[in-house]
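Here our numbering is used: the first residue of the sequence shown is 17, the next is one more, and so on.
Where a beta carbon is used, it is the ideal one built from N, C-alpha and C, also for glycine.
This report concerns only the one structure given below.
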Amino acid sequence: MFTPLGLEVSRCDDCGLGRLQQERQSVAFAAPDPWRVRKQATLRFLRLPDSPIEREAAAHYLQLVEEQGLHAASLLALVPAGHSLPELARVRGHQVDACHDFSDFDQCAALGRSYDGVVIVSRLEQSAEPLELLERVRATLKPGGVLLLVTPSLDSWSARLLGEHWSEWRRENKYYFDLQTVHGALLRAGFAQVRVRSDQRCFSVQHLRDRAHALPNTPLIHLVKLASRLMPGVLRLRMRLRLPSSAMVVTAHRVERRQEPLLSIVMPVYNERESFAITMDAVLRKQVPGLVKEIIVVESASTDGTREIVRQYEGLPNVRVVFQDRPRGKGNAVREGLRHARGDFILIQDADQEYDVNDYDALLLPLQRYRRAFVLGSRHVDGWKIREFNDQPGLVELLNVGHLLFVGLLNTMYRQKLKDPFTMYKVFRRDCLYGVHLECNRFDFDFELVIKLFRKGYEPLEVPVSYRSRSFRDGKKVSFARDPWTWLRALVKYRFGSIYEPSSPCSSRVDSATITTGVASPRLRPVPLPATRLLERYGLPASRRAGR
């Protein structure tokens, strides 16, 4: 994936973890590069584990741990030697066992103690088997215990900006993560309620100037050097800026594992007398290998006799029917279904026969294999006309053009390259919604859900699906007079507002969620890392040889 250190990276084709191939070194770096040696020495000095910046960061990590509900708790800390976190934790009333390398950690784990929380700082990326390490961490935690993890992120601004000159390209780092891969690894290891934050640090201007001198000259680096040169020395030392570092801070909770993963199919129903029973019977018959399914039907007080048909399915195994007292919109019905869903995976299914349930297998496979956490069933991967019905030709063209317009707006505003973000088939891990606040009631819910998952960091995978559009005469319920304005409002509102619950359930709440059983770590295959598209952006060569 990159060449600055003369090493290669290969990626696991299933979970996406990227591994540094230590055994292959380029001849070009057989002799030491004086500039590189000076750069690495400077960066090591600026990353001293007992520096004021690291002490402030350690205090912030402990604050996050305490926000998860742990006060005067028993903690296990796997941190670099000399790191101030264990000392600060003891001052704050925690009981701490500190270990600085993996042999120390194995000794602590062998004692059989159970901890309320485990903190890992700058160590997961150095593990030879990170998935196995997370499994061992889980074994040391009490049920519902908290894991706080700090590791370099391929999603960080510095990784995107500096590319091959990123300071985290180091030989001691065997693996590299982004939000997608760290989330998948944690779920596989038996964790859930995952929350990923950027690691914010307070840097003095002098510190930024010193780092700039250790980096190659770019327009931004020139600007930093010039600005710091114009400042008085005292101001450079005292003026501090809060900026994101190269790391991400991840919190997660240990949860109980299911013997078989559960798929929750959420089906909103309103005035679908002609199609509901056909769709429901098809969903009941559909079997997805390796998954148990539950169906949540939300009936919104239909006026055409649909409610009586829905009642016939009440009481069937793995079917839950929710009756609303009045119609509040499709988005409201889906939110009600999500509230009742217990599954590891969520799939939204309309009752109008426009989509084919036989596409379930292709939609769910990336989630089952931990390749992605969010999948969209694209209705037009090839071509632009997704709707075709002959009884209202003018309206169908208007719908297709409007779809293109709103897709273009969304892609521009949120820096995406999607073809069909508003498809009904949205499939995702339930954990993706942890802490996310959903509020839309009509078809603007399609915009809200996709946008908030974007902003949380999940990159959707588009999978082509079969689609047969129905016309307004057949029961299509979109309103030209009302809905486009709600879509525009959603595009603007959710671009800047908070995506989380006002009371932030991403803090201390631990529910009884369960997750799927993990599988053995597969072999790595020589394909490029997809996460932040660094390879395409910087044209860095990929490994052509598989490895463990």
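(message) Closest to K227 by C-alpha separation, out of P305, S183, L253, would be which residue?
(response) Sequence inspection shows Arg at residue 227; the Lys mentioned does not correspond to that position. When each option's Cα is compared against that of R227, the closest is S183.
(request) Would you list the one or two residues that DSSP bridges to F390? (result) F444
(request) Helix, strand or coil for R191, going by three-state DSSP, please let me know. (result) Sequence check: residue 191 is Tyr here, not Arg. It is a strand residue.
(request) May I have the straight-line CA-CA distance separating Q79 from Q222, to the nearest angstrom? (result) 27 Å
(request) Tell whether a beta-carbon distance below 9 Å holds between Y441 and Q365. (result) yes
(request) Can you give me the Cβ contacts of Q216 inside the same chain, cut-off strictly under 8 Å, excluding the 5 residues immediately before and after it? (result) H76, R258, L259, P260, S261
(request) Starting from F207, follow the alpha helix (DSSP H) in both directions and report where the run begins and ends. (result) Segment 207–220 is the beta strand (DSSP E) holding F207; no alpha helix (DSSP H) there.
(request) May I ask you to report which of helix, strand or coil DSSP gives M255? (result) coil
(request) For T533, count neighbouring Cβ atoms within 10 angstroms of its own Cβ and tell me buried if that reaches 16, exposed if not. (result) The pLDDT assigned to T533 is 33, lower than 50, so where the model puts this residue is not dependable; a value taken from the coordinates is nonetheless given after this. So T533 counts as exposed.
(request) Could you check what DSSP says for H269 in three-state terms: helix, strand or coil? (result) strand
(message) P476 and I388 - do their beta-carbons sit closer together than 9 Å?
(response) Looking at the sequence itself, residue 388 is Arg, so the reference to Ile does not match. Yes, these two residues count as a Cβ contact at 9 Å.
(request) In the DSSP assignment, find the beta strand (DSSP E) that holds F461 and state where it starts and stops. (result) Where F461 is concerned, there is no enclosing beta strand (DSSP E), although the alpha helix (DSSP H) it sits in stretches over 460–472.
(request) Answer yes or no: do V95 and S138 have a C-beta to C-beta separation smaller than 9 Å? (result) yes
(request) Determine the extent of the beta strand (DSSP E) in which T315 is found, giving its start and end residues. (result) Note on residue identity: the sequence assigns Glu, not Thr, to residue 315. Note, E315: beta strand (DSSP E), 308–315.
(message) Quick check on the DSSP output: the alpha helix (DSSP H) that includes S90 runs from which residue to which?
(response) Looking at the DSSP string, S90 is not in any alpha helix (DSSP H); the run it does join, the beta strand (DSSP E), is 90–94.
(message) Suppose contacts are defined by Cβ-Cβ distances below 9 Å. Is N427 in contact with L434 by that definition?
(response) yes
(request) Would you check if the distance between the CB atom of F444 and the CB atom of G347 is smaller than 9 Å? (result) no
(request) Could you work out which residue in L454, V466, V135 is closest to P518 when comparing CA atoms only? (result) L454
(message) Applying the 10 Å Cβ sphere with the 16-neighbour rule, what's the burial state of R204?
(response) buried
(request) Name the one or two DSSP bridge partners that P480 has. (result) S394
(request) Please list the segments of the alpha helix (DSSP H) lying wholly inside the region 93–157, counting only runs of 4 or more residues, in order along the chain. (result) 101–107, 118–126, 146–156
(request) Work out the CA separation of S316 and L504 for me, nearest whole Å. (result) 25 Å
(message) Going by DSSP in three states, Y510 sits in which element: helix, strand or coil?
(response) helix
(request) Quick one: measure Cβ to Cβ for L104 and V162, integer angstroms, because I've assumed they're closer than 8 Å. (result) Between V162 and L104 the Cβ distance is about 17 Å, and since that is not below 8 Å, they are no contact.
(request) Might you give, ordered along the chain, the residues of its own chain that have their beta carbon closer than 6 Å to the beta carbon of A46, omitting 5 neighbours on each side? (result) A caution first: A46 carries a pLDDT of 38, below 50, which makes its placement in the model too unreliable to give a value.
(request) Return the first residue and the last residue of the alpha helix (DSSP H) that P382 is part of. (result) 376–384
(message) Using only the alpha-carbon positions, how far apart do L300 and L507 sit?
(response) 35 Å
(request) May I have the straight-line CA-CA distance separating H116 from A97, to the nearest angstrom? (result) 5 Å
(request) For L13, count neighbouring C-beta atoms within 10 Å of its own C-beta (all shown protein chains included) and say buried if the count is 16 or more, exposed if not. (result) The requested residue 13 is not part of the displayed model; the chain covers only 17 to 564.
(request) Would you kindly check if the distance between the Cβ of S169 and the Cβ of L195 is under 9 Å? (result) yes
(request) Taking L80 as part of the alpha helix (DSSP H), name the residues at either end of that continuous run. (result) 68–83
(message) So for S172, helix, strand or coil by DSSP?
(response) coil
(message) Rounded to whole angstroms, what is the Cα-Cα separation between P343 and P500?
(response) 20 Å
(message) Using CA atoms only, rank isn't needed, just tell me which of Y510, E464, Y376 is closest to P480.
(response) Y376
(request) Throw me the rounded Cβ distance for the F361 and R446 pair, which I believe falls under 8 Å. (result) 7 Å
(request) Could you check the C-alpha separation between N416 and L425 for me, to the nearest Å? (result) 14 Å
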